[in-house]
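The next block holds one structure in the form of structure tokens; read it before the comments.
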Amino acid sequence: MKAFKFPARHGYSVEISPFIPTRLACATSQYYGIAGCGTLLVLEQTETDGSLQVWDTANPQPRPLQVLKEHTQEVYSVDWSQTREENLVVSGSWDGTAKVWDPSCGGVSLCTLQGHEGVIYSTLWSPHIPGCFASASGDGTLRVWDVKSGRCRLAIPAHRAEVLSCDWCKYDQNVVVTGAVDCSLCVWDLRNVREPLSRLLGHSYAIRRVKFSPFNQTVLASCSYDFTVRFWDYSRREQPLLETLEHHSEFVCGLDFNLHIPNQVVDCSWDETVKIYTPPCLAAPALSAP
353 MKAFKFPARH GYSVEISPFI PTRLACATSQ YYGIAGCGTL LVLEQTETDG
403 SLQVWDTANP QPRPLQVLKE HTQEVYSVDW SQTREENLVV SGSWDGTAKV
453 WDPSCGGVSL CTLQGHEGVI YSTLWSPHIP GCFASASGDG TLRVWDVKSG
503 RCRLAIPAHR AEVLSCDWCK YDQNVVVTGA VDCSLCVWDL RNVREPLSRL
553 LGHSYAIRRV KFSPFNQTVL ASCSYDFTVR FWDYSRREQP LLETLEHHSE
603 FVCGLDFNLH IPNQVVDCSW DETVKIYTPP CLAAPALSAP
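So the numbering used here is basically just the index in the sequence shown, starting at one, shifted up by 352.
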């Protein structure tokens with residue numbers, strides 16, 4: 353099913369063009385037609401192109417430098433390798449595949465990695481191991497891939513629900529965290545995946561993004577469709593939740609730590625705001641950079 357959303361407009365009539373099969377017109381009004389003005393929307397049913405676009409942000413152009421197009425459905429995740437000897441990009445798609453690209457190699461992927469049985473929501477290079485990335489999927493698994501062999505090194509049944517996000521610990525190459533629709537975060541030691549190192553509970557809706565702190569080995573953050581951002585220390589068995597921030601009025605979907613300013617965090621929400629801050633729990637001396 354396709355859907356078009358037009359905020360503050362209410363549909364009254366719709367017709368498909370008798371000449372162009374992908375075009376339609378919809379007559380709408382403000383305030384249910386009681387007040388305000390009317391708007392005619394002309395809509396195009398374009399298929400998702402499954403592409404990645406490479407841009408030069410220092411010299412913006414009307415067109416991207418490259419368009420990398422091989423996925424057959426939406427590209428949901430993209431990550432650039434952090435190791436100096438690589439110039440690789442990994443993408444994850446609704447088509448269930450992950451693709452590895454070298455933008456200098458003519459716009460053709462180096463390899464396509466298959467194994468997930470659902471949408472890939474997150475693909476993330478290891479900050480420690482060249483040619484290694486993790487992926488999180490709607491099939492409930494976390495997978496670790498080796499680009500050189502083109503194979504899945506490890507498949508973990510991480511949650512009994514869709515896994516929307518994952519992140520690597522910046523201090524330990526064997527530790528990865530996952531966040532899922534079941535409202536939980538699980539911290540995994542890849543050397544022993546029978547049980548998670550820690551299961552962190554507190555969110556009341558799906559967890560959209562998880563991030564390890566670059567300044568403290570056991571501290572991580574999560575944001576959720578429950579409108580909150582939460583900070584955790586998974587080494588604390590009794591009380592791992594450090595703080596809950598309720599400073600958004602809608603879904604919180606984006607989250608990151610600043611690598612240059614210790615403990616500074618940025619998040620973004622469907623409430624149309626981006627917030628930059630240092631949470632009080634991370635400003636404490638005990639949680640400062642090692």
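All C-beta atoms in this analysis are idealised placements derived from N, C-alpha and C, irrespective of residue type, glycine included.
Taking the CA atoms as reference points, residue 607 sits about 10 Å from residue 564.
DSSP, read as helix, strand or coil, puts residue 476 in strand. Residue pairing for residue 508: DSSP places it in a beta bridge opposite 494. Shown here, residue 635 sits in a helix according to DSSP, grouped into three states.
Under the DSSP assignment, residue 625 falls outside any beta strand (DSSP E); it carries neither an H nor an E label. Residue 515 and residue 478 do not touch by the CB rule: their CB atoms are close to 17 Å apart, not below 8 Å. The stretch 427-476 contains, as complete beta strand (DSSP E) runs of 3+ residues, the segments 427-432, 441-445, 449-453, 463-466 (chain order). If you check the CB distance, residue 501 and residue 495 do not come in under 7 Å. Here the alpha carbons of residue 574 and residue 600 stand approximately 14 Å from one another. Taking the Cβ atoms as the reference, residue 581 lies roughly 5 Å from residue 619, within the contact range of under 8 Å. For the pair residue 524 and residue 556, the CB atoms are not nearer than the 7 Å cut-off. In its chain, beyond the 5 residues on either side, 378, 380 have a beta carbon closer than 6 Å to the beta carbon of residue 363.
Take residue 483, set aside five residues on each side of it, and the residues of its chain with a beta-carbon closer than 6 Å to its own are 499, 500, in chain order. Remark: C-beta atoms of residue 492 and residue 472 do not approach each other more closely than 7 Å. Residue 554 and residue 536 have their alpha carbons spaced roughly 7 Å apart.
Setting aside the 5 residues that flank it on each side, residue 441 is surrounded in the same chain by 432, 453, each with a C-beta closer than 6 Å to its C-beta; the list follows chain order. Residue 522 and residue 415 have their C-alpha atoms roughly 35 Å apart. Rounded to the nearest whole angstrom, the CA to CA distance from residue 612 to residue 566 is 9 Å.
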